[in-house]
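Per our numbering, the very first residue in the sequence shown carries number 4; after that it's consecutive.
Yeah, the Cβ is synthetic: ideal placement off N, Cα and C, and Gly gets one too.
Values in this document were obtained by computation on a predicted structure and should not be read as measured data.
The next block holds one structure in the form of structure tokens; read it before the comments.
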Amino acid sequence: MNGIRPNILAMAGYTPGEQLNDPEIIKLNTNENPYPPSPKVFEAIQGSLTSNTLRKYPQPLGDTFRATAGKVLGVSPDSILIGNGSDDLLTILTRAFVPEGGLIVSPTPSYILYRSLAEIQGARFLTVPFTQDWNLPPEWPQQASLTFLPNPNSPSGTVVPLEDILRLANAVAPHPLILDEAYADFAERSGIELLPHAPNLIITRTFSKAYSLAGMRIGYAIARPEIIRELVKVKDSYNCDVLSLVAATAAIEDIGYFESIRKKILATRQRMVVELRKMGFAVTPSQANFLWCRNERPVKPIYEELKARKILVRYMNYPGGPIGSPEGHYDGLRISVGTDGEIDRLLSELRLIL
Ligand SMILES: *Cc1c(COP(=O)(O)O)cnc(C)c1O
Numbered sequence: 004m005n006g007i008r009p010n011i012l013a014m015a016g017y018t019p020g021e022q023l024n025d026p027e028i029i030k031l032n033t034n035e036n037p038y039p040p041s042p043k044v045f046e047a048i049q050g051s052l053t054s055n056t057l058r059k060y061p062q063p064l065g066d067t068f069r070a071t072a073g074k075v076l077g078v079s080p081d082s083i084l085i086g087n088g089s090d091d092l093l094t095i096l097t098r099a100f101v102p103e104g105g106l107i108v109s110p111t112p113s114y115i116l117y118r119s120l121a122e123i124q125g126a127r128f129l130t131v132p133f134t135q136d137w138n139l140p141p142e143w144p145q146q147a148s149l150t151f152l153p154n155p156n157s158p159s160g161t162v163v164p165l166e167d168i169l170r171l172a173n174a175v176a177p178h179p180l181i182l183d184e185a186y187a188d189f190a191e192r193s194g195i196e197l198l199p200h201a202p203n204l205i206i207t208r209t210f211s212k213a214y215s216l217a218g219m220r221i222g223y224a225i226a227r228p229e230i231i232r233e234l235v236k237v238k239d240s241y242n243c244d245v246l247s248l249v250a251a252t253a254a255i256e257d258i259g260y261f262e263s264i265r266k267k268i269l270a271t272r273q274r275m276v277v278e279l280r281k282m283g284f285a286v287t288p289s290q291a292n293f294l295w296c297r298n299e300r301p302v303k304p305i306y307e308e309l310k311a312r313k314i315l316v317r318y319m320n321y322p323g324g325p326i327g328s329p330e331g332h333y334d335g336l337r338i339s340v341g342t343d344g345e346i347d348r349l350l351s352e353l354r355l356i357l
């Protein structure tokens, strides 16, 4: 095709987890929440649907959402930027900070979207292997236009201690460190408390995982207001639709519901760890809503057997693993925490397969 930029022609494109249309499938492959959103979300959407709601443009900056989220998170509303899912925010950040030919750095094994963002931007992409215990290595490139660090990390579910994140933010300054907190709602701590100490720290979050709103496409970034002001110039004027803003506002306000769902998921996660280990899986301790499971025997056939039995997990295969892993190939199964019923099915099918 004539005229397509060479970097686009050269790239493979990001492949999202399978979204099969079969309603019988137990879906444990893209870390969606197995529970419904808060009832307050449905009430708020229904209540918002007047004849004017859809006719008019939404608030460009989502001011109502920002005011509510600011209160809940304990940050100033003008330090919040709304996004059409947090992937939209990662795109905005890449466009704002990375020149063509610039460098993006992220750890590996990790979220594979970052590479696609670099390729679209025409930037170079460099991965730095995690240590064996999924911490940051002592040496980290400092000249990157942008550094992405998911915390908790995917696929491992592990967290880097906040002290180390602060050290990394200082090391890459004045360039930004993007702390991708898609799963922080399931973790013990968040990097929000670091914001006063690291002017170049930018945190991204999503309603897709802990708030059961993956279908709504909404997330937000938190950073110093002077950074947010610049990012506003890069985003689409109306990047979040009116219903997603209403839904996210109701969801973040309903702290009681959020806590009850979170508790259920953490309890199921713990039960999964115990049972999967009994079956011989090496399960990495997780602070997210999924588990990274490896095995002495090849795991790809296990993924395929599960799929044939209508259970979808994510098979992931990286060119290399954490420092010290054998070169060339590192794979495993990333299994989302489902309802207790779904996990009972998973465990009983696995017992038959193994
Ligand atoms: C799911 C996920 C996101 C993106 O979530 P959105 O649905 O776009 O809000 C971002 N980062 C990581 C690491 C994720 O797993």
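Beta-carbon proximity of Val362 to Ala190, cut-off 8 Å: Since the first residue of the chain shown is 4 and the last is 357, residue 362 is not available in this structure.
Could you give the distance in angstroms between the alpha-carbon of Ile305 and the alpha-carbon of Leu216? The count along the sequence shown starts at 1 and reaches residue 305 at position 302. The count along the sequence shown starts at 1 and reaches residue 216 at position 213. Their Cα atoms are separated by approximately 29 Å.
Compute the Euclidean distance between the alpha carbons of Arg118 and Glu184, then round it to the nearest angstrom. Residue mapping note: residue 118 aligns to position 115 of the sequence shown, counting from 1. Residue mapping note: residue 184 aligns to position 181 of the sequence shown, counting from 1. Cα-Cα distance, rounded: 18 Å.
May I ask you to report which of helix, strand or coil DSSP gives Lys43? By 1-based counting over the sequence shown, the position of residue 43 is 40. In the three-state scheme derived from DSSP, where H, G and I count as helix and E and B as strand, Lys43 is classed as helix.
What residues in its chain sit with their C-beta under 6 Å from that of Ala291, if we drop five residues either side in the sequence? As a working mapping, residue 291 is identified with position 288 in the sequence shown. The residues are Pro155, Gly160, Tyr186, Phe189.
Contact belief for Ile338 with Leu31 at Cβ below 8 Å, rounded distance in angstroms: Taking the sequence shown and counting its residues from 1, one reaches residue 338 at position 335. Taking the sequence shown and counting its residues from 1, one reaches residue 31 at position 28. By a beta-carbon distance limit of 8 Å, Ile338 contacts Leu31. Their separation comes to about 5 Å.
Under 7 Å from any heavy atom of ligand 1, does the C-beta of Tyr223 make it? Taking the sequence shown and counting its residues from 1, one reaches residue 223 at position 220. Not so, every heavy atom of ligand 1 lies at least 7 Å from the Cβ.
Mind checking who Met319 pairs with in its DSSP beta bridge? Position 316 of the sequence shown, counted from the first residue, corresponds to residue 319. According to the DSSP secondary-structure assignment, Met319 is paired through a beta bridge with Gly335.
Chain-ordered residues, beta carbon under 5 Å from a heavy atom of ligand 1: Those residues placing their Cβ nearer than 5 Å to any heavy atom of ligand 1 are, following chain order, Gly88, Ser89, Asp90, Tyr114, Pro153, Ser157, Asp183, Ala185, Thr209, Ser211, Gly222.
Does the beta-carbon distance from Arg297 to Gly327 come in below 8 Å? As a working note, residue 297 is residue 294 in the sequence shown. As a working note, residue 327 is residue 324 in the sequence shown. Against a cut-off of 8 Å, the Cβ pair of Gly327 and Arg297 comes out as no contact.
So Thr111 packs on Tyr321, CB below 8 Å; how close in whole Å? The count along the sequence shown starts at 1 and reaches residue 111 at position 108. The count along the sequence shown starts at 1 and reaches residue 321 at position 318. A Cβ-Cβ separation of about 6 Å places Thr111 in contact with Tyr321 under the 8 Å criterion.
Reference Gly344; option with closest CA among Ser82, Ile29, Gly16: Numbered from its first residue, the sequence shown carries residue 344 at position 341. The candidate whose alpha carbon is nearest that of Gly344 is Ile29.
On a CA-only basis, which of Glu142, Ile264, Tyr223, Tyr114 is nearest Pro37? Give me that one, please. In the sequence shown, residue 37 corresponds to position 34, counting from 1. For Pro37, the closest alpha carbon among the candidates Glu142, Ile264, Tyr223, Tyr114 is that of Ile264.
Three-pair Cβ contact test at 8 Å for the region 216-235 versus the region 87-106: Verdict: yes, contact present.
Suppose the cutoff is 6 Å on Cβ atoms and the five residues either side in sequence are ignored; what does the same chain contact list for Tyr214 look like? Counting from 1 along the sequence shown, the entry for residue 214 is found at position 211. Scanning its chain for C-beta atoms nearer than 6 Å, with the 5 sequence neighbours on each side dropped, one finds around Tyr214 the residues Ala254, in chain order.
Would you check if the distance between the CB atom of Leu57 and the CB atom of Val245 is smaller than 8 Å? As a working note, residue 57 is residue 54 in the sequence shown. As a working note, residue 245 is residue 242 in the sequence shown. Taking 8 Å as the Cβ cut-off, Leu57 and Val245 qualify as a contacting pair.
Considering only the alpha carbon of each residue, which of Phe68, Glu308, Pro140 lies closest to Ser247? Translated into the one-based positions of the sequence shown, residue 247 becomes position 244. Looking at the Cα atoms, Phe68 is the closest of the given residues.
Determine the closest residue to Pro360 out of Lys238, Tyr223, Ala174, Arg220, with distance taken between C-alpha atoms. Look at the range of the chain in this structure, 4 to 357, and you will see that residue 360 is not part of it.
Burial state of Pro325 (16 or more Cβ within 10 Å): Your numbering for residue 325 matches position 322 in the sequence shown. Classification for Pro325: buried.
Could you check what DSSP says for Val304 in three-state terms: helix, strand or coil? Locating residue 304 in the sequence shown gives position 301, counting from the first residue. The question names Val, but residue 304 in the sequence shown is Pro. The answer is helix: DSSP assigns Pro304 an H, G or I state.
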